[in-house]
Amino acid sequence: MEITVFGSKGQLGQSLMDVSFNYPQHNFLFTDIDTVDITLYRQVEDFVSRNRPKVLINCAAYTAVDKAQNDVKAAMGLNIYAAENIAKIAANHNIFLIHISTDYIFDGKKNKPYVEIDNVHPLSVYGRTKWKGESAIRRSLCHSAIIRTSWLYSEYDTNFVKTMLRLSDVEKELGVVYDQIGTPTYAHDLAEAIMQIINQKDKIEKSETFHYSNEGVASWYDFAVEIMRLKKRKCNIVPILSKQHPTPAKRPPYTVLDKQKIKDTFDITIPHWRDGLERCLKNM
């Protein structure tokens, strides 16, 4: 099966490249902005017409949450218009689409894990543009799986794990918020789940939304403490409130995702976030 990955230079794109070697029955084509600008409909149409993939995976997104507050046009381009372009073309060519979305479409006011049908109320430009991207895909009526994930990290690119390790090289103490609760997700585990969905895509009739993160619950403080413990760093992690670390974009205080739907539909076993973190650090 021919599979095209958009956004191949990001965390998830590079993780999909790693796991692709476990699936020799598929032919993968990894692309990024230097190959095709997905914000331009004609470029996407020409690319798909030439390569004729059976599956499109859209990993591309504007993910700089704080920067998006003042860079609205760019965030809209990648998170809304690019998603709309890909979805329309997928519908026209009868291609299965997997699109990655985010837990930041929720406002975090719930006190139990979010299910796929819960009401959305994004608090930031990033969250709003990702929600509008989801909506565009549903309107296209393409055969698709929208996967919302949370707190993604990997060996690649810039992420919380790499930032903590970099700062701990020069700081003896770091303050990390403890009143934002969610689940860290190792991009490699998400990549494997995506491949399981592709291999069972006939279980999806039209467009379905799924939640995927690693198992378990943590604050950013818990996450940072575990990073230091596993790497045996002497840096002291101090719990602080979000108001002590103000950011341009407001974050939801609670975004734990309920994964029962994706587990039941595709018989997926999801690792705990501590297990994923340990494997990631060993691979760095």
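Residues in the sequence shown are numbered consecutively from 4, following my numbering. Think of the CB as a built atom: it goes at the ideal place given N, C-alpha and C, for glycine as much as any other residue.
Using alpha carbons as the reference points, say which of the options lies closest to residue i.
{"i": "residue 37", "options": "100, 46, 90 and 31", "result": "46"}
{"i": "residue 86", "options": "10, 177 and 233", "result": "10"}
{"i": "residue 35", "options": "81, 109, 21 and 52", "result": "81"}
{"i": "residue 1", "options": "287, 192 and 278", "result": "This structure does not reach residue 1, given that the chain is present from 4 up to 287, and the question cannot be answered."}
{"i": "residue 28", "options": "4, 230 and 22", "result": "4"}
{"i": "residue 90", "options": "274, 206 and 61", "result": "61"}
{"i": "residue 212", "options": "70, 136, 115 and 21", "result": "136"}
{"i": "residue 270", "options": "143, 114, 204 and 229", "result": "204"}
{"i": "residue 26", "options": "194, 53, 279 and 164", "result": "194"}
{"i": "residue 179", "options": "219, 187, 225 and 220", "result": "225"}
{"i": "residue 274", "options": "126, 75, 138 and 219", "result": "219"}
{"i": "residue 235", "options": "276, 168 and 258", "result": "168"}
{"i": "residue 48", "options": "189, 208, 216 and 97", "result": "97"}
{"i": "residue 142", "options": "122, 124, 94 and 163", "result": "94"}
{"i": "residue 113", "options": "286, 258 and 277", "result": "258"}
{"i": "residue 175", "options": "39, 75, 240 and 65", "result": "240"}
So, is residue i buried or exposed, given that buried needs 16 or more other C-beta atoms within 10 angstroms?
{"i": "residue 55", "result": "exposed"}
{"i": "residue 31", "result": "buried"}
{"i": "residue 24", "result": "exposed"}
{"i": "residue 247", "result": "exposed"}
{"i": "residue 128", "result": "buried"}
{"i": "residue 173", "result": "exposed"}
{"i": "residue 255", "result": "buried"}
{"i": "residue 15", "result": "buried"}
{"i": "residue 150", "result": "buried"}
{"i": "residue 104", "result": "buried"}
{"i": "residue 229", "result": "buried"}
{"i": "residue 17", "result": "buried"}
{"i": "residue 272", "result": "exposed"}
{"i": "residue 280", "result": "buried"}
{"i": "residue 263", "result": "exposed"}
{"i": "residue 120", "result": "exposed"}
{"i": "residue 2", "result": "Shown here, the chain extends from 4 to 287; a query on residue 2 therefore has no answer."}
{"i": "residue 106", "result": "buried"}
{"i": "residue 158", "result": "buried"}
From the DSSP output, in three-state form, read off residue i for me.
{"i": "residue 64", "result": "coil"}
{"i": "residue 191", "result": "helix"}
{"i": "residue 105", "result": "strand"}
{"i": "residue 180", "result": "strand"}
{"i": "residue 252", "result": "coil"}
{"i": "residue 257", "result": "strand"}
{"i": "residue 3", "result": "Outside the modelled stretch of the chain, which goes from 4 to 287, sits residue 3, for which no answer is possible."}
{"i": "residue 114", "result": "coil"}
{"i": "residue 39", "result": "coil"}
{"i": "residue 210", "result": "strand"}
{"i": "residue 44", "result": "helix"}
{"i": "residue 146", "result": "coil"}
{"i": "residue 282", "result": "helix"}
{"i": "residue 275", "result": "strand"}
{"i": "residue 122", "result": "coil"}
Provide the residue span of the alpha helix (DSSP H) that contains residue i, from first to last.
{"i": "residue 136", "result": "128–143"}
{"i": "residue 216", "result": "Per DSSP, residue 216 belongs to no alpha helix (DSSP H) and is neither H nor E."}
{"i": "residue 171", "result": "163–171"}
{"i": "residue 228", "result": "223–234"}
{"i": "residue 19", "result": "14–23"}
{"i": "residue 81", "result": "Where residue 81 is concerned, there is no enclosing alpha helix (DSSP H), given that its DSSP letter is neither H nor E."}
So, residue i versus residue j, is the Cβ gap smaller than 9 Å?
{"i": "residue 350", "j": "residue 101", "result": "No statement about residue 350 is possible, as the shown extent of the chain runs from 4 to 287 and does not include it."}
{"i": "residue 242", "j": "residue 222", "result": "yes"}
{"i": "residue 288", "j": "residue 6", "result": "Here the chain covers residues 4 to 287 and nothing more, so residue 288 does not appear."}
{"i": "residue 73", "j": "residue 42", "result": "no"}
{"i": "residue 265", "j": "residue 200", "result": "yes"}
{"i": "residue 99", "j": "residue 147", "result": "yes"}
{"i": "residue 260", "j": "residue 117", "result": "yes"}
{"i": "residue 233", "j": "residue 284", "result": "yes"}
{"i": "residue 252", "j": "residue 69", "result": "yes"}
{"i": "residue 185", "j": "residue 154", "result": "yes"}
{"i": "residue 8", "j": "residue 33", "result": "yes"}
{"i": "residue 78", "j": "residue 132", "result": "yes"}
{"i": "residue 188", "j": "residue 210", "result": "no"}
{"i": "residue 63", "j": "residue 130", "result": "no"}
{"i": "residue 289", "j": "residue 268", "result": "It is not possible to answer for residue 289, since the shown part of the chain is limited to 4 through 287."}
Which residues mark the beginning and the end of the beta strand (DSSP E) in which residue i is found?
{"i": "residue 268", "result": "Taken as a continuous stretch (DSSP letters only), residue 268 belongs to no beta strand (DSSP E), being part of the alpha helix (DSSP H) at 263–269."}
{"i": "residue 5", "result": "5–9"}
{"i": "residue 30", "result": "30–34"}
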